[in-house]
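Participant: Letter by letter, the sequence shown follows residues -24 to -1, 1 to 297 in mature numbering (1 follows the signal peptide of the UniProt record, and there is no 0). All residues carry an ideal CB built from backbone N, CA and C; glycine is no exception.
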Amino acid sequence: MVSRRGLAALAVGMAAPAVLRAQAAWPGDRPIEAIVPYPPGGGVDIMTRLMMPLVAAQVGGRSVVTNRAGAGGQLGFEAIYNAAPDGYTIGSVTAPVLQAIPIERAVRYRPLEFSFLANVVEDANAFLVAGASPLRSLADVAAAAKARPGTLNYGTTGVGSDDHIAMLAFEAEGKLPPMTHVPFAGAAPAMQALLGRHVDLVVGNASDGLGLTKEGQVRTLGQASPARWAALPEVPTFREQGFDVVATASRGFVGPPGLPAPILARLEAAFAAVLADSAFLREAERLALPLRPLIGPAYRGMVAEMDASLQSLWHQRPWRD
């Protein structure tokens, strides 16, 4: 008579070849779905739609993009995390929002347990003012915040967004009284409010104001990157202006926890190949995508380091309004 343990071992042994065959056949005729946790047309969506056909071609398959917006990205993050780990569902994420949401509220994902595939973009946060604004530097912003506590207002893409967190880090670094936060449903309406002089300042990403800065309608006061972005060589970093703040929006791709090692390796290799492709690099430059390619463990390491900084900032300046 075969024991229960023996039957279990036999079942596993019989199932293993089928699992291995499925992995070997991946992706086959079934498309790889890439979930975007934001509406169409934004930076994450544009990056995903540019990358996914190229990545799918690298692994001999095809792709579809699905937008699952809601709760500041939370709904999409949860959909990616809780998908079957079979290689047919991955998604795009943005940090630090990925890590910031679970600090603030209960969610159905753990940020550091995703299967990290590749970071693609690192878009520095930036302080933007209208071209005619009297604010001409970060020192001017700090002086105005101290002189008129609570009267200086700034727009962002939402509570707990990378933009909002960048301002909280700036306030903490400069030991400033809180400025008045005006959240908007995206970068476009925030920039419209700035041009209409409805807000004093917008905290966005450097790429958000690139065109308007070059036209003179907007002035970028500083970029919170380790070094100046080549597309804005005339704009000093926060550190150059005496504020030790590095704040960026990093956009990349993850899968659910537990992706099989062979599929994980193929996806990592596919992203690495696309990120090194000259045609892709030309298109990324045309679209003004500030690239920071990181594959697999290097990407996870960056997210983990960012997570530790967020935990510290939360205790100083929590971002729950």
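#1: For G48, which residues of its own chain have a beta-carbon under 8 Å away from its beta-carbon, when the five flanking residues on both sides are left out?
#2: How far does the beta strand (DSSP E) with Q199 in it extend, from its first residue to its last?
#3: Enumerate in chain order the residues of its own chain whose CB-to-CB distance from R(-21) is below 7 Å, with the five nearest sequence positions on each side excluded.
#4: Considering only residues of the region 181 to 258, which uninterrupted beta strand (DSSP E) runs meet the minimum length of 3 residues and lie entirely inside it, listed in chain order?
#5: In angstroms with no decimal places, state the Cα-to-Cα distance between K190 and A94.
#6: Could you pull the DSSP bridge partners for A94 from this structure?
#7: Can you find at least 3 beta carbon pairs, one from the region 258 to 271 and one from the region 48 to 61, that sit closer than 8 Å?
#8: Taking the C-alpha atoms as reference points, what is the distance between L128 and D116?
#9: Give me the Cα-Cα distance between A(-17) and P3, rounded to the nearest whole angstrom.
#10: Does the separation of the CB atoms of E69 and G231 fall below 8 Å?
#11: If we count the other Cβ atoms within 10 Å of its Cβ and call it buried at 16 or more, is D99 buried or exposed?
#12: What are the uninterrupted segments assigned as alpha helix (DSSP H) that are 4 or more residues long and contained completely in the region 50 to 90, given in chain order?
#13: What do you get for V(-6), buried or exposed, if any count of 16 or more other CB atoms within 10 angstroms of its CB means buried?
#14: For the putative contact between N101 and A200, defined by C-beta atoms under 8 Å, what is the C-beta separation to the nearest angstrom?
#15: Determine, using beta carbons only, whether S39 comes closer than 8 Å to chain D.
#16: So V105 and R195 are supposed to be a Cβ contact under 8 Å. How far apart are they, rounded?
#17: Looking only at its own chain, which residues have a Cβ that is under 8 Å from the Cβ of V97, when we skip the five neighbours before and after it?
#18: What did DSSP end up calling T127 once you bin it into helix, strand or coil?
#19: Any idea if S254 is buried or exposed, counting beta-carbon neighbours within 10 angstroms, 16 or more meaning buried?
#20: Should Q75 be labelled buried (16 or more other beta-carbon atoms within 10 Å of its own) or exposed?
#21: Please classify P13 as buried or exposed, where buried requires at least 16 neighbouring CB atoms within 10 angstroms.
#22: Please classify V105: does DSSP put it in a helix, a strand, or coil?
Facilitator: Quick answer:
#1: Cβ neighbours of G48 beyond the five flanking positions: V73, I77, G134, V135, G136 and S137.
#2: Here the beta strand (DSSP E) through Q199 covers V194 to Q199.
#3: Unreliable positioning characterises R(-21) in this predicted model, as indicated by a pLDDT of 48, which lies under 50. The coordinate reading is nonetheless provided below. Excluding five sequence positions before and after R(-21), none of the CB atoms of its chain fall closer than 7 Å to its own CB.
#4: Entirely contained in the region 181 to 258, the beta strand (DSSP E) runs reaching 3 residues are, in chain order, 194 to 199 and 224 to 231.
#5: Take the alpha-carbon of K190 and the one of A94: they are about 31 Å apart.
#6: Under the DSSP definition of a beta bridge, A94 partners with F229 and I271.
#7: Verdict: no, contact absent.
#8: Straight-line measurement puts the Cα of D116 at about 11 Å from the Cα of L128.
#9: Note that A(-17) scores 46 on pLDDT, short of 50, meaning its location in the model is unreliable; the coordinates nonetheless yield the value given after this. Roughly 29 Å between the two C-alpha positions.
#10: The identity of residue 69 in the sequence shown is Val, whereas the question assumes Glu. It is not a contact, given that the beta carbons lie outside the stated cut-off.
#11: Buried, by the Cβ-count rule.
#12: Counting only runs of 4 or more, we get 50 to 57 and 73 to 80.
#13: Low local confidence applies: a pLDDT of 49 at V(-6) is under 50, so the model's placement there is unreliable, with the coordinate-based value given in what follows. Residue burial annotation: V(-6) is exposed, with fewer than 16 other C-beta atoms found within 10 angstroms of its C-beta.
#14: Rounded, the Cβ-Cβ distance is 4 Å, consistent with contact.
#15: Included in the structure is just one protein chain, with no chain D present.
#16: Contact flag correct, Cβ pair sits at about 5 Å.
#17: The residues G19, M23, A225, S226, R227, G228, L265, P266, L267 and R268, in chain order, have a CB closer than 8 Å to that of V97 in the same chain once the five nearest residues on each side in sequence are set aside.
#18: Three-state DSSP puts T127 in coil, outside helix and strand.
#19: Counting Cβ neighbours within 10 Å, S254 comes out exposed, since fewer than 16 surround it.
#20: With 16 or more Cβ atoms within 10 Å of its Cβ, Q75 is classed as buried.
#21: Buried: at least 16 other Cβ atoms inside 10 Å.
#22: In this structure, V105 counts as strand in the three-state DSSP scheme.
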